[in-house]
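Enquirer: When the count follows our numbering, it moves up by one through the sequence shown with no breaks and lands on 268 for the last residue.
The beta-carbon is built from N, C-alpha and C at its ideal position, and this holds for glycine as well.
Just so it is clear, the structure is predicted and the values come from calculations on it, not from any experiment.
Starting off with a structure, shown below.
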Amino acid sequence: MKNPLILWIALGSLFLNIGVVSAAGFVIWQNWGNPTEADTPWAALEAAGFDDDNWADLDTLLEGRNLSIDELVERMDEQTDFALDQLWQETIDPEVLFDTFNQIEDERTALSRALFEDFVSYLATLPLDQRGALMELLFEGEDFALWPL
120 MKNPLILWIA
130 LGSLFLNIGV
140 VSAAGFVIWQ
150 NWGNPTEADT
160 PWAALEAAGF
170 DDDNWADLDT
180 LLEGRNLSID
190 ELVERMDEQT
200 DFALDQLWQE
210 TIDPEVLFDT
220 FNQIEDERTA
230 LSRALFEDFV
240 SYLATLPLDQ
250 RGALMELLFE
260 GEDFALWPL
């Protein structure tokens with residue numbers, strides 16, 4: 120880069136913008152997004168009678184879900200590396216690349232279906248009030264997705 124001063128100015132501006140947005144978000148969260156303890160989904164779950172056995176079952180379900188997703192992501196990374204290697208070959212065999220893509224897509228679809236079925240089966244074991252409270256808790260943030268892949 121011919122003029123590093125421009126880079127430093129751009130980086131400074133970026134960090135300043137991040138700081139301003141973070142501060143504004145914190146103020147908004149403090150004023151509007153911080154419900155009282157009685158209004159939280161956790162309190163609704165406790166009021167619905169969610170007990171230690173329910174938590175253990177949910178924990179097992181979510182841990183298995185995370186492990187399955189991590190394993191698939193690892194396989195996808197390996198297949199991506201393979202596909203990139205194939206693209207750098209002297210001659211490209213499109214069938215090999217299509218087969219690799221189809222294999223990963225089939226695995227992703229099958230895993231997504233299995234995870235959805237496991238989640239629905241778990242929810243079916245809960246009474247309606249516990250099910251509703253749990254779904255409010257899970258869908259409150261952006262960490263949980265009904266279709267994770």
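So the candidates are 198, 177, 163; which of them puts its Cα closest to the Cα of residue 244?
Expert: If we check each option's Cα against that of residue 244, 177 comes out closest.
Enquirer: Within 10 angstroms of the Cβ of residue 234, are there 16 or more other Cβ atoms? Answer buried if so, exposed if not.
Expert: Classification of residue 234: buried, given that the 10 Å Cβ count is 16 or more.
Enquirer: Going straight from the alpha carbon of residue 238 to that of residue 230, what length do you get?
Expert: In a straight line, the C-alpha of residue 238 is about 12 Å away from that of residue 230.
Enquirer: Pull up the distance between the alpha-carbon of residue 184 and that of residue 174, whole angstroms please.
Expert: Each residue's Cα considered, the two are about 15 Å apart.
Enquirer: Classify residue 253 as buried or exposed, calling it buried when 16 or more other Cβ atoms lie within 10 Å of its own Cβ.
Expert: So residue 253 ends up on the buried side.
Enquirer: Under a Cβ-count criterion, where at least 16 other Cβ atoms within 10 Å of its own Cβ denotes burial, should residue 169 be classed as buried or exposed?
Expert: Classification of residue 169: buried, given that the 10 Å Cβ count is 16 or more.
Enquirer: Measuring straight from C-alpha to C-alpha, what distance separates residue 179 and residue 189?
Expert: In a straight line, the C-alpha of residue 179 is about 15 Å away from that of residue 189.
Enquirer: Just to confirm, is the Cβ distance from residue 226 to residue 194 under 8 Å?
Expert: Yes, they are a contact pair.
Enquirer: Would you call residue 191 buried or exposed, if buried means 16 or more other Cβ atoms sit within 10 Å of its Cβ?
Expert: When all chains shown are included, residue 191 counts as buried.
Enquirer: So residue 256 and residue 161 are supposed to be a Cβ contact under 8 Å. How far apart are they, rounded?
Expert: That pair is a contact at about 7 Å.
Enquirer: Ends of the alpha helix (DSSP H) at residue 236?
Expert: Here the alpha helix (DSSP H) through residue 236 covers 213 to 243.
Enquirer: Would you call residue 203 buried or exposed, if buried means 16 or more other Cβ atoms sit within 10 Å of its Cβ?
Expert: Answer is exposed; the Cβ neighbour count stays below 16.
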